[in-house]
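Chemist: In full-length UniProt numbering, the protein residues as written are 1 to 244. Dumping the structure here so I can ask a few things about it.
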């Protein structure tokens, strides 16, 4: 069965397996993407933050603990929304059950907008980035990560959804829908080139101040073989941008 956007996470087995996978210390989320995101965000004290595709908002609770003045999460999966509201109990945070495409973005409300491994589910970048730009205060920052386009270009080498030991990079400039075997399901994502991400950000009024391709750091891995495997191809692309 095929799932688009957050709909896969409302399937009980998929949701359960995803939460187990994400918690692995050597997962790309934990060992590669998380350190980059926190470095790009830097100081969040007294900042109001919008998190698009917030999942269970464990990230949101961490931001509040680091001094964020307020946190708003946007999440399309009903199961994730329930988990997120539970994680934010007693904190200055809220979660809305919307997709990032359907959310009604307020004008110039947030100091920071962030999104982690979610925008590769979005087909049309310009409208999304323009909404994000409008929702930021002057000088506000947009920090986000996606699957690296080298890995979303082709899923030929991932027919079964098992761990890949080799990667086929093909059809890179043919942007659009991709179907990935993942956690025993078919998940629909959208492939965009690095140039397309960059150009859409600039068209929307952002200045790109940093770009990272997720070079692994040995100290973030417990397993040497997994560290060596992750040196072979980038799996994370992250941007830091400022509203001009």
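Note that CB positions come from ideal geometry on N, CA and C, so glycine has one too. All values reported here derive from a predicted model rather than from experimental measurement.
So, at 7 Å on beta carbons, what are the nonlocal neighbours of residue 8 in its own chain, with the 5 sequence-adjacent residues on each side left out?
Modeler: 14, 185 and 187
Chemist: Could you tell me the alpha carbon to alpha carbon distance between residue 34 and residue 201, rounded to whole angstroms?
Modeler: Going from the Cα of residue 34 to the Cα of residue 201 covers about 22 Å.
Chemist: If I measure Cβ to Cβ from residue 120 and keep anything under 7 Å in the same chain, skipping five residues before and after, which residues do I get?
Modeler: 146, 147, 152, 189 and 190
Chemist: Between the Cα of residue 80 and the Cα atoms of 180, 53, 229 and 243, which residue gives the shortest distance?
Modeler: 53
Chemist: Which partner residues does residue 141 have in the DSSP bridge list?
Modeler: 112 and 242
Chemist: Is it the case that the Cβ atoms of residue 130 and residue 204 are separated by a distance below 8 Å?
Modeler: It is a contact, given that the beta carbons lie within the stated cut-off.
Chemist: By DSSP, does residue 183 sit in helix, in strand, or in coil?
Modeler: Reduced to three states, the DSSP call for residue 183 is coil.
Chemist: So for residue 5, helix, strand or coil by DSSP?
Modeler: helix
Chemist: For residue 87, verify whether its CB is less than 7 Å away from any heavy atom of the ligand FAD.
Modeler: Summarising the ligand content, the structure contains no ligands, and the ligand FAD is consequently not present.
Chemist: In or out: residue 102 buried (at least 16 other Cβ within 10 Å) or exposed?
Modeler: exposed
Chemist: Below 8 Å on the Cβ atoms is my guess for residue 105 versus residue 141; work out the distance and round it to an integer in Å.
Modeler: Contact doesn't hold; Cβ gap of about 16 Å is too wide.
Chemist: For residue 46, count the other beta carbons within 10 Å of its own beta carbon; 16 or more makes it buried, fewer makes it exposed. Which is it?
Modeler: exposed
Chemist: What does DSSP give as the partner residues of residue 189 in its beta bridges?
Modeler: 178
Chemist: Taking the beta strand (DSSP E) that residue 94 falls in, what are its first and last residues?
Modeler: 93–97
Chemist: Let me check understanding here. Comparing Cα to Cα, which of 113, 51, 65 and 2 lies closest to residue 241?
Modeler: 113
Chemist: For the alpha helix (DSSP H) holding residue 37, just list the boundary residues, first then last.
Modeler: 34–41
Chemist: Residue 73 and residue 83: beta carbons closer than 8 Å?
Modeler: no
Chemist: In three-state DSSP terms, what is residue 48?
Modeler: strand
Chemist: Would you mind working out which of 143, 136 and 178 sits nearest residue 156, comparing C-alpha positions?
Modeler: 178
Chemist: What does the Cβ neighbour count give for residue 168, buried or exposed, with the cut at 16 atoms within 10 Å?
Modeler: exposed
Chemist: For the beta strand (DSSP E) holding residue 24, just list the boundary residues, first then last.
Modeler: Secondary structure note for residue 24: it is in no beta strand (DSSP E), with a DSSP letter that is neither H nor E.
Chemist: Is it buried or exposed for residue 48, if we count other Cβ within 10 angstroms and need 16 for buried?
Modeler: buried
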